[in-house]
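Numbering (our numbering), first residue to last: 6 to 403.
Have a look at the structure below, then the notes.
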């Protein structure tokens with residue numbers, strides 16, 4: 006099943022990675038047989054003090070996308086690049102989207118043919134069920150599908166890449182669906198049409214699927230693992246079991262909550278507090294050493310870990326906890342957090358249901374190996390994973 010359009014010749018694409026408090030925009034060239042090339046990449050911070058006001062938050066995000074497009078186009082002019090932008094890819098993360106995975110099994114007494122009408126009937130029913138669940142869990146009244154993928158299929162218990170036209174009596178589908186609030190999807194669609202034109206090819210994707218695809222290939226020998234993405238305001242996690250996404254969760258406790266909950270326990274100003282943290286980090290401090298203010302983050306880190314364990318326990322049972330967890334360390338807080346979760350020597354290795362979990366940090370250098378000019382644009386691991394994902398689709402490897 007093809008979910009993406011193909012390209013017959015090399016051209017440039019805009020790749021947007023929309024996070025909780027930032028938008029990264031990269032210009033990339035995709036050419037079959039070569040690594041994707043990053044021509045230009047910039048990050049734009051999003052004001053997040055009014056996140057309680059949905060309209061203000063959404064308005065800020067739209068404005069920052071507009072700012073990113075203008076800035077990057079000027080950047081292309083400065084480096085003398087006059088190529089046309091042939092496509093736009095949007096990768097959307099929490100809290101702008103919600104993703105779910107689900108295993109669908111159909112077992113019948115008699116064999117049946119798998120065609121579009123059969124799949125459509127299956128998918129529409131599942132979408133309605135998931136939307137109802139999202140509406141119950143959130144304050145949003147309406148959700149729209151913006152991404153739908155069958156990430157694995159099995160016929161009679163065996164994995165099959167292409168299920169169309171096949172005949173079976175036992176079908177199992179691993180369905181991945183991402184939703185976005187109707188209001189947001191309508192505004193983004195209107196924005197794209199106004200800014201880029203209706204004839205420009207556009208593809209919407211989730212950051213969850215991009216990360217899943219990257220880590221599934223990076224650790225092809227590991228079929229079970231946990232992925233943790235520490236954002237500024239939100240932490241996203243997903244659990245992979247038997248090579249497919251087993252469960253997805255988010256909780257509203259990110260770097261800012263870690264900092265603020267720890268800061269509230271002191272009489273320091275925010276600037277002085279962060280200065281202590283940065284100085285301690287540069288000296289590779291131990292959070293328990295009680296000098297240079299290193300221990301100041303402990304309150305926030307403990308609260309974050311409690312949130313993580315609570316979210317994971319709702320996905321996993323004691324019998325299916327993966328023993329590997331991966332996280333990208335692209336900030337001071339995420340590096341400190343990784344050290345705390347993986348401090349085996351001091352008995353602080355992360356545990357869930359009394360099972361010890363090996364925590365591995367993924368540096369941007371690892372991701373750079375998959376792109377041309379990746380190392381030139383530092384601290385942009387997420388959009389680089391997006392570019393690797395797009396390249397796999399275009400090359401027919403996904």
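Don't be surprised by glycine CBs; every beta carbon is placed ideally from N, CA and C.
| Check | Outcome |
| --- | --- |
| Whole-angstrom Cβ separation of residue 266 and residue 308, contact assumed at under 8 angstroms? | 5 angstroms |
| Among the candidates 235, 197, 195 and 202, whose CA atom is the shortest distance from the CA of residue 213? | 235 |
| Between the C-alpha atoms of residue 105 and residue 279, what's the straight-line distance to the nearest angstrom? | 36 angstroms |
| So if DSSP puts residue 234 in a beta bridge, which residue, or which two residues, is it bridged to? | 241 |
| Judging by CA-CA distance, which residue of 206, 98 and 328 is the nearest neighbour of residue 29? | 98 |
| Quick one: Cα of residue 52 to Cα of residue 65, how far? | 7 angstroms |
| Can you find the residues in the same chain that come closer than 7 angstroms, C-beta to C-beta, to residue 382, ignoring five residues on each side of it along the sequence? | 43 and 46 |
| Look up residue 354 in the DSSP assignment and say whether it is helix, strand or coil. | coil |
| Which same chain residues, not among the five before or five after residue 337, have their C-beta less than 7 angstroms away from its C-beta? | 282, 283 and 286 |
| In this structure, what does DSSP give as the bridge partners for residue 50? | 27 |
| Go to residue 213, then tell me how far its alpha helix (DSSP H) extends in each direction, as first and last residue. | 212–223 |
| What number of angstroms, rounded off, separates the C-alpha of residue 171 from the C-alpha of residue 120? | 8 angstroms |
| Hey, could you find the ends of the alpha helix (DSSP H) residue 346 is sitting in? | 337–346 |
| Given 8 angstroms as the limit, is there contact between the segment 146–164 and the segment 181–194, that is, 3 or more CB pairs closer than that? | yes |
| Expressed to the nearest angstrom, what Euclidean distance is found between the alpha-carbon atoms of residue 163 and residue 242? | 28 angstroms |
| Taking one C-beta from the segment 199–218 and one from the segment 377–397 each time, how about it: are there three or more such pairs within less than 8 angstroms? | yes |
| What distance in whole Å lies between the Cβ atoms of residue 203 and residue 91, which are believed to be in contact at a cut-off of 8 angstroms? | Contact flag wrong, Cβ pair sits at about 15 angstroms. |
| Go to residue 5, then tell me how far its alpha helix (DSSP H) extends in each direction, as first and last residue. | No answer is possible for residue 5: the residues shown for the chain start at 6 and end at 403. |
| In terms of residue numbering, what span does the alpha helix (DSSP H) encompassing residue 409 cover? | Missing from the structure shown is residue 409; the chain here goes from 6 to 403 and no further. |
| Comparing alpha-carbon positions, which option in 348, 217 and 113 lies nearest residue 173? | 113 |
| Starting from residue 365, trace the beta strand (DSSP E) both ways and give me its first and last residue. | 363–367 |
| So what does residue 94 bridge to, in DSSP terms? | 20 and 208 |
| Along the alpha helix (DSSP H) that carries residue 160, what are the first and last residues, could you check? | Per DSSP, residue 160 belongs to no alpha helix (DSSP H); it is in the beta strand (DSSP E), 148–160. |
| In the DSSP output, what is residue 108 paired with across the bridge? | 179 |
| Three or more C-beta pairs under 8 angstroms: does that hold for the segment 353–368 against the segment 306–321? | yes |
| Please state the DSSP three-state secondary structure of residue 329. | strand |
| Does the Cβ-Cβ distance between residue 125 and residue 177 come in under 8 angstroms? | no |
| Whole angstroms are fine: how far does the CA of residue 226 sit from the CA of residue 399? | 24 angstroms |
| What residue range does the alpha helix (DSSP H) around residue 250 cover? | No alpha helix (DSSP H) contains residue 250, which is instead part of the beta strand (DSSP E) from 249–256. |
| Could you tell me if residue 179 is buried or exposed, where buried requires 16 or more neighbouring beta carbons within 10 angstroms of its beta carbon? | buried |
| So, under 8 angstroms CB-CB, residue 408 and residue 23 are touching, yes? Tell me the CB distance rounded to an integer number of Å. | Examination of residue 408 is not possible in this model, given that the chain is present from 6 through 403 alone. |
| Near residue 21, which residues of its chain fall below 6 angstroms by C-beta distance, leaving aside the five closest residues on each side in sequence? | 30 and 95 |
| I'd like to confirm the pairing. Which residues does DSSP put opposite residue 66 in its beta bridges? | BP columns for residue 66 are empty, so no partner. |
| Just verifying my parser: in three-state terms, what is the DSSP assignment at residue 398? | helix |
| Which same chain residues, not among the five before or five after residue 295, have their C-beta less than 8 angstroms away from its C-beta? | With a pLDDT of 42 at residue 295, under the threshold of 50, the modelled position of this residue cannot be trusted; read the value that follows with caution. So no residue of the chain qualifies. |
| Determine, using beta carbons only, whether residue 330 and residue 367 come nearer to each other than 8 angstroms. | no |
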